[in-house]
Amino acid sequence: QMELSESGGGLVQAGGSLRLSCGALGNGFSINTMAWYRQAPGKQRELVAVISPGSSTNYADSVKGRFTISRDNAKSTVYLQMNSLKPEDTAVYYCKARKLGEYSDDWGRGTKVTAAS
5 QMELSESGGG LVQAGGSLRL SCGALGNGFS INTMAWYRQA PGKQRELVAV
55 ISPGSSTNYA DSVKGRFTIS RDNAKSTVYL QMNSLKPEDT AVYYCKARKL
105 GEYSDDWGRG TKVTAAS
């Protein structure tokens, strides 16, 4: 199992920006798809953005044009740059990743993002 550690959450005013990071601890492995999910209070967890090993990306319609996912394969790290934050972006953000060659996903513990109106 791969241990993932997120950071970068916090409280910002609506319209502000945050950059989330998620690193995989350890070495000697390669990572397949990496993704960010979020879960707002009382709602189901939803996919925010996903990035392939070759850096192809997909985004939820609600964040297109505002959020950017990227990765540094040498550092086993995925990032989420969040701009023009809205109150509805308030949620706990989770990182998900899968080791190359494996069939199960690993999750981070989450980092809280609050965009205040």
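For the sequence shown, the numbering used here assigns the number 121 to the last residue and increments by one with no breaks. By construction, the Cβ of each residue, glycine as well, lies at the ideal position given by its N, Cα and C atoms.
What does DSSP give as the partner residue(s) for residue i in the beta ladder?
i, result
"residue 10", "26"
"residue 84", "24 and 73"
Please report the straight-line C-alpha distance between residue i and residue j, rounded to a whole angstrom.
i, j, result
"residue 40", "residue 93", "13 Å"
"residue 102", "residue 114", "16 Å"
"residue 83", "residue 26", "6 Å"
"residue 66", "residue 117", "16 Å"
"residue 64", "residue 28", "24 Å"
"residue 58", "residue 75", "9 Å"
Decide if residue i is buried, meaning its Cβ has at least 16 other Cβ atoms within 10 Å, or exposed.
i, result
"residue 120", "exposed"
"residue 100", "buried"
In terms of residue numbering, what span does the beta strand (DSSP E) encompassing residue i cover?
i, result
"residue 36", "35 to 43"
"residue 115", "115 to 120"
"residue 97", "95 to 103"
Check your understanding: Which residue spans inside the stretch 40 to 75 form an unbroken alpha helix (DSSP H) run of at least 4?
Key -> none
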